[in-house]
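1307 is the number that our numbering gives to position 56 of the sequence shown; each next residue is one higher, with no gaps. Virtual Cβ for every residue (Gly too), placed ideally from N, Cα, C. Small disclaimer: the values here were computed from a predicted structure and weren't measured. Have a look at the structure below, then the notes.
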Amino acid sequence: MSPTHWLIVLVVLVLLFGAKKLPEMARSVGRSSRILKSEMRGLRDDDERPGEIGPGGATRADTEVRDPGARQPGTPEGTARPEPGPEAHRA
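Here it is in structure tokens:
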């Protein structure tokens, strides 16, 4: 975009929001982007350190998604019921 286009955009923003609100909105956007960057950095650091204890004392292995049909540790065999297959729906 050329400088003329930026000037037109700036004038429209001032007309829409007012000169008093623009600096406040810019500060808010800046804070939000800093928070987003720090959270993304934290997620990346969490991925680089598997097995480390996270919030609430849960390790990465504790929070992994498990197969819901699989037998869970501590349950006796035969208590987990498998999902019925397509043959169960035949008339």
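- Separation of Pro1274 and Gly1293 (C-alpha to C-alpha, rounded to the nearest whole angstrom) is 29 Å.
- Shown here, Arg1300 sits in coil according to DSSP, grouped into three states, outside any helix or strand.
- Rounded to whole angstroms, the gap between the alpha carbons of Ala1270 and Trp1257 is 16 Å.
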